[in-house]
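To start, the structure under review is shown below, and the notes come after it.
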Amino acid sequence: MFSYPKEYDVIVVGAGHAGVEAALAAARMGCATLLLTTNLDTIGQMSCNPAIGGLAKGHLVREIDALGGEMGINTDLTGIQFRMLNTKKGPSVWAPRAQSDKKAYQFRLKWVCERQINLDIKQGLTTGILCRDQVVYGVETALEVRFLAKTVVITTGTFLRGLMHIGSNQQSGGRAGEAAATGLSGSLAAIGLELGRLKTGTPPRLVRNSIDFDRMERQPGDTPVPYFSYWKEELFHVEQSLESSTLIPSFPPDSVLARYGGQRDCHITYTTDKTAEMIRCNLHKSPMYSGVIEGVGPRYCPSIEDKIVRFSDKERHQIFLEPEGIHTDEFYVNGFSTCLPFEVQVELVRTIVGCERAEILRPAYAVEYDFANPTQLGHSLETKCCHNLFLAGQINGTSGYEEAAAQGIIAGINAARLAQERSPFILRRDQAYIGVLIDDLISKGTSEPYRMFTSRAEFRLLLRQDNADLRLSELGAEIGLLANRRIERTRKKQRLIQQEIARLDSIRLGTLPLSQWLKRPEVSYAQLEGKDATLSAEIAEQVEIMIKYAGYIERQQDEVRRFRTLEDKQIPSSFDYASIPSMRTESRQKLARYRPETIGQASRISGISPSDISLILVHLKRAGSTGEVS
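The structure is reproduced here in C-alpha cells:
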C-alpha cells in the first residue's frame with residue numbers, strides 16, 4: 012500500500028454537485044483539499060434533468076450563492092433558459108429555475124475546480140475509509156493508494172453498489188456508462204453506519220428532428236432574465252448598480268446566452284389514453300412492479316408507471332420537452348421517467364402528443380443505490396459513530412442537485428472548520444431552507460428520497476428566495492467564503508432598502524404616508540406617486556415586499572422568537588432517557604437512538620409527543636438545580 016506523500020486537511024470523495032461545493036468551500040477557507048473522483052470528465056455532471064432550481068430548490072441555490080458557493084454563478088453563465096415560477100402567488104413561493112446546457116455546466120465547474128487555490132483534483136476509485144478507534148484519518152483507492160487527511164467528506168451520489176434497471180436487464184453502475192463503487196459500502200458499514208437502499212430514475216432522451224413541436228405549447232424564458240446569483244455586477248463586468256436603474260447588457264459577456272444568441276424554448280405536451288393503456292398492459296415487465304427493485308423511489312418525482320397507477324382518474328399527464336444544450340439535438344422528456352424494457356419504451360414515447368415519430372437516443376432507466384440513514388448525523392453533517400467523517404448529498408437520502416449542493420457546502424465548511432479546530436457552522440430552521448433540509452434529515456430521517464418544498468419551512472415568508480443575501484451573506488463573510496466586495500454590496504443593499512422605507516414613511520400623499528399607499532394590493536412600487544425612479548429594480552422589489560407584507564413578517568418574527576426558546580435549549584449528549592420512567596418506552600428508545608442536540612430537534616422526531624418534551628424539560632430543570640446531567 013502506497014501512502015501519498017502530501018497530507019490534506021480535507022478529502023472529498025465524489026465530484027458531483029455535493030462534492031464540488033464541499034471541495035470548493037474547504038479550499039476557499041484555506042484548507043489543503045483533495046477532490047477524488049472516479050472520472051475527471053464527469054465533474055459536476057447533470058445525470059438527470061439538465062435544469063437547476065424550481066420550487067424551493069431555487070431558494071436553496073440562492074442560499075448557496077449567498078454563502079459563497081458556486082452553483083448560482085455556474086447556472087447563470089451556462090443556462091439556456093431562465094424563468095421565475097409562481098409569480099402569481101405571494102413572494103415566499105416565487106422560485107427561479109434555469110434550463111442548463113448540461114455540458115457547458117459540467118465543463119465550467121471542472122474549470123473552476125482546476126483553478127481553485129488549495130484544491131487538488133485526482134482520478135481514483137475510493138474503496139475504503141481509513142479509521143482507527145472511531146476516528147477517520149483518510150481513504151484508500153482501488154490502486155492501493157492511501158490519502159491521509161484530518162477530515163473526510165463522502166458525496167458518492169447514486170454510486171454505492173449502484174444497480175441500473177431497464178426491464179429485466181440489470182447492469183452494475185451509478186449512472187449509464189459508469190461503474191458502481193462496490194467496495195466503499197462495506198467499509199462504511201464496518202465503521203458502524205447503517206445503510207439502506209433507495210431508487211431513482213431518469214427518462215429517455217429524444218432526437219430533435221423526430222419531434223413535432225408545432226403540436227406542443229411553446230414555453231419561452233422570462234425577460235428580463237431572472238438570474239440566480241446576487242453578484243450580477245461581476246458577471247456583467249460592470250460597477251455596482253444598486254443605486255440606479257442603469258441598463259446593462261441583456262446577457263453576461265461570458266455566458267452561453269451571450270455567445271449563442273439568447274434563450275431557448277421548452278415545450279409542453281401531454282400523454283394520451285394510449286400511453287395509459289400501454290403501461291397497464293406492460294406493468295408486469297417493470298422491475299418496480301415485479302418486485303425486482305427493492306429500493307424505495309421518490310414520492311414527488313414518480314415514474315410514468317407510478318403516475319398511471321396512482322392517479323388512474325387523470326385523463327392525461329403533463330410532459331415537458333427540454334433541450335439538453337446548444338450543441339446537441341438531445342431533448343429531455345421531463346415527467347416520463349421509466350424502467351420498462353427498451354422495446355416498450357420505443358413505442359411508449361410515440362403515444363405522447365407530438366412524439367408520434369420520436370426516436371430515442373438514450374433509454375430511460377432506474378438505478379438502485381445504498382444510502383446512510385441521516386439520523387446518524389449531527390447538524391454539522393459529521394457522523395455520530397465516527398469522528399472526522401462527513402456525509403453529503405444523495406448518500407443522506409435526498410434527491411436533486413440543489414439539495415445535494417446545499418449539504419455539500421455545509422459539509423465542506425464544517426470539515427474545514429474541524430480541521431482548523433473551530434466550532435461547527437450550523438444554520439437554524441428560521442435562518443435558511445438549508446437549515447430546514449438538514450434538520451429534517453437528521454431529526455426525522457427518511458425512507459424515500461427527500462425533496463425540499465416551501466411547505467416544509469415554518470417561516471417561509473422570512474426565507475424568501477429574494478432575500479437570501481440579506482439573511483446569509485454576513486455569515487458567509489464570517490466563515491471566510493465571501494469576498495469583502497460582496498459583503499459590502501449586501502450591506503449597501505440593506506442600507507438603501509431601509510432608507511427608502513423610511514423615506515416612504517415620512518412623505519405624505521394626501522392624508523396618508525406613501526408607505527400606506529404602497530400597502531394597497533393594487534398599487535406597485537412602479538405605480539407609486541413619489542417613487543424614487545433612480546432605484547434599481549432589485550431595491551424597489553425589496554421595499555415593496557417589506558412594506559406590503561410588514562404585518563405578516565412581524566408576526567413570523569414573533570413566532571421565531573418563541574421557536575428559538577425551545578430551539579436553543581440544549582440536551583447534554585450524556586442525557587439518560589432511561590432515567591425518565593414515566594416516558595413511553597417507544598419515545599425513550601427513539602430519543603436514545605437519535606440523540607437530539609436540542610429540545611427543538613427532539614420535538615420534530617416522528618412519534619415524540621408534547622408530553623414527552625415536557626418530561627425532558629422537567630428532568631433538565633431538576634438536573635440543572637442539582638448540578639447533574641441526567
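Residue numbers for the sequence shown follow my numbering, so the first one is 12 and each next one is one higher. In this text, a Cβ means the ideal position worked out from N, Cα and C, and glycines have one as well.
>> Check for me: the beta strand (DSSP E) holding C397 runs from which residue to which?
In response: On the sequence shown, residue 397 is found 386 positions in, with the first residue counted as 1. No beta strand (DSSP E) contains C397, which DSSP labels as neither H nor E.
>> Report the CB separation of R327 from T282 in whole angstroms; it is logged as a contact under 8 angstroms.
In response: Here the question's residue 327 lines up with position 316 in the sequence shown. Here the question's residue 282 lines up with position 271 in the sequence shown. At roughly 5 angstroms, the Cβ-Cβ gap stays under 8 angstroms, so R327 and T282 are in contact.
> Between which two residues does the alpha helix (DSSP H) harbouring A62 extend?
Replying inline: The count along the sequence shown starts at 1 and reaches residue 62 at position 51. Premise fails: A62 lies in the beta strand (DSSP E), 62-64, not in any alpha helix (DSSP H).
>> By the three-class DSSP mapping on this structure, what secondary structure does H630 have?
In response: Counting from one through the sequence shown, the residue named residue 630 turns up at place 619. Three-state DSSP puts H630 in a helix.
> Contact check, T286 vs L359 under 8 angstroms by CB: the rounded distance?
Replying inline: The residue given as residue 286 occupies position 275 in the sequence shown. The residue given as residue 359 occupies position 348 in the sequence shown. With a Cβ gap of about 7 angstroms, T286 and L359 count as contacting.
> Over what stretch of residues does the beta strand (DSSP E) that includes G212 continue unbroken?
Replying inline: Here residue 212 refers to the residue found at position 201 when the sequence shown is read from its first residue. Residues 206-213.
>> Within the continuous beta strand (DSSP E) that includes Y662, where are the two ends?
In response: The displayed coordinates of the chain run from 12 to 641. Any statement about residue 662 would go beyond what the structure contains.
>> Along the chain, where does the alpha helix (DSSP H) containing M82 start, and where does it finish?
In response: Looking up residue 82 in the sequence shown gives position 71. Its alpha helix (DSSP H) spans residues 82-89.
>> How far does the alpha helix (DSSP H) with E358 in it extend, from its first residue to its last?
In response: To locate residue 358, count along the sequence shown from 1; it is residue 347. Element bounds for E358: 353-359.
>> Is it buried or exposed, A417, if we count other Cβ atoms within 10 angstroms and call 16 or more buried?
In response: Translated into positions along the sequence shown, residue 417 becomes position 406. Buried.
> Helix, strand or coil: which one does DSSP assign to R4?
Replying inline: Residue 4 lies beyond the range of the chain shown here (12 to 641); nothing can be said about it.
>> Pop quiz: A403 and A422 are said to be a contact at Cβ under 8 angstroms. What is the actual Cβ separation, rounded to whole angstroms?
In response: By one-based count along the sequence shown, residue 403 stands at place 392. By one-based count along the sequence shown, residue 422 stands at place 411. That pair is a contact at about 4 angstroms.
> In the structure shown, what three-state DSSP assignment does F93 receive?
Replying inline: Numbered from 1 along the sequence shown, position 82 holds the residue referred to as residue 93. It is a strand residue.
>> How far does the beta strand (DSSP E) with M175 in it extend, from its first residue to its last?
In response: As a working mapping, residue 175 is identified with position 164 in the sequence shown. Note, M175: beta strand (DSSP E), 174-177.
> Quick one: Cα of K121 to Cα of K133, how far?
Replying inline: Here residue 121 corresponds to residue number 110 of the sequence shown, with the count starting at 1. Here residue 133 corresponds to residue number 122 of the sequence shown, with the count starting at 1. So the two alpha carbons sit approximately 12 angstroms from each other.
> With 16 other CB atoms within 10 Å as the buried threshold, where does A561 fall?
Replying inline: Here residue 561 is taken as the residue at index 550 of the sequence shown, counted from 1. A561 comes out exposed.
>> Residues in the same chain with beta-carbon distance under 8 angstroms from I363, minus the five sequence neighbours each way, listed in chain order, please.
In response: Taking the sequence shown and counting its residues from 1, one reaches residue 363 at position 352. Here the set comprises T280, Y281, T282, T283, T286, I330, V344, F347, A369.
> Quick one: is K161 buried, meaning 16 or more other Cβ sit within 10 Å of its Cβ, or exposed?
Replying inline: Locating residue 161 in the sequence shown gives position 150, where the first residue counts as 1. Buried, because 16 or more other Cβ atoms sit within 10 Å of the Cβ of K161.
> Can you give the Cα-Cα distance for V571 and A153, rounded to whole angstroms?
Replying inline: Within the sequence shown, the letter at position 560 stands for residue 571. Within the sequence shown, the letter at position 142 stands for residue 153. Near 49 angstroms, if we compare the C-alpha coordinates of A153 and V571.
> So, is C42 buried or exposed, given that buried needs 16 or more other C-beta atoms within 10 angstroms?
Replying inline: Position 31 of the sequence shown, counted from the start, is the residue given in the question as residue 42. Under this definition C42 is a buried residue.
> Going by beta carbon distance, what residues of the same chain come within less than 6 angstroms of F464, once the five residues before and after it are set aside?
Replying inline: Here the question's residue 464 lines up with position 453 in the sequence shown. Excluding residues within five positions, the ones whose Cβ falls inside 6 angstroms are A67.
> Can the beta-carbon of P374 be found less than 8 angstroms from the beta-carbon of Q356?
Replying inline: Residue mapping note: residue 374 aligns to position 363 of the sequence shown, counting from 1. Residue mapping note: residue 356 aligns to position 345 of the sequence shown, counting from 1. Taking 8 angstroms as the Cβ cut-off, P374 and Q356 qualify as a contacting pair.
> At which residues does the beta strand (DSSP E) containing T169 begin and terminate?
Replying inline: As a first step, residue 169 must be located in the sequence shown, where it is residue number 158. No beta strand (DSSP E) holds T169; DSSP gives it neither H nor E.
> Is A160 close to chain C, meaning its C-beta is less than 8 angstroms from at least one C-beta of that chain?
Replying inline: Going by chain labels, chain C is absent from the structure shown, which holds only one protein chain.
> For A613, which residues of its own chain have a beta-carbon under 7 angstroms away from its beta-carbon, when the five flanking residues on both sides are left out?
Replying inline: Numbered from 1 along the sequence shown, position 602 holds the residue referred to as residue 613. Once the five neighbours on either side are set aside, the close Cβ partners of A613 are I582, L602, P607, I619, I624, I627.
>> Any contact between the region 158-173 and the region 23-40? By contact I mean 3 or more CB pairs, one from each, below 8 angstroms.
In response: yes
> Are the region 102-121 and the region 481-500 in contact at 8 angstroms, needing three or more beta carbon pairs?
Replying inline: no
> Helix, strand or coil for P102 per DSSP?
Replying inline: In the sequence shown, counting from the first residue as 1, residue 102 sits at position 91. Helix at P102.
>> The alpha helix (DSSP H) that contains S614, what's its start and end?
In response: Along the sequence shown, read from residue 1 onward, the residue named residue 614 stands at position 603. Residues 610-614.
>> Applying the 10 Å Cβ sphere with the 16-neighbour rule, what's the burial state of Q476?
In response: As a working mapping, residue 476 is identified with position 465 in the sequence shown. Q476 is buried by the Cβ-count criterion.
>> Considering only the alpha carbon of each residue, which of V378, H390, D480, F158 lies closest to Y15?
In response: The residue labelled residue 15 in the question sits at position 4 within the sequence shown. Here the closest residue by C-alpha is F158.
>> With H, G and I counted as helix, E and B as strand and the rest as coil, what does DSSP make of V571?
In response: Numbered from 1 along the sequence shown, position 560 holds the residue referred to as residue 571. Correct three-state label for V571: helix.
> DSSP three-state call for G149: helix, strand or coil?
Replying inline: The sequence position of residue 149 within the sequence shown is 138, counting from 1. Reduced to three states, the DSSP call for G149 is strand.
>> So, for K559: in the same chain, excluding its five sequence neighbours on each side, which residues have a beta-carbon less than 7 angstroms away from its beta-carbon?
In response: For the purposes of this step, residue 559 is identified with residue 548 of the sequence shown, where counting begins at 1. Correct list, in chain order: L529, K530.
> Under three-state DSSP, which class holds A26?
Replying inline: Numbered from its first residue, the sequence shown carries residue 26 at position 15. A26: coil per DSSP, three-state reduction.
> Exposed or buried, what is P592 when buried is set at 16 or more other beta-carbons lying within 10 Å of its beta-carbon?
Replying inline: For this step, residue 592 is matched to residue 581 along the sequence shown. Exposed.
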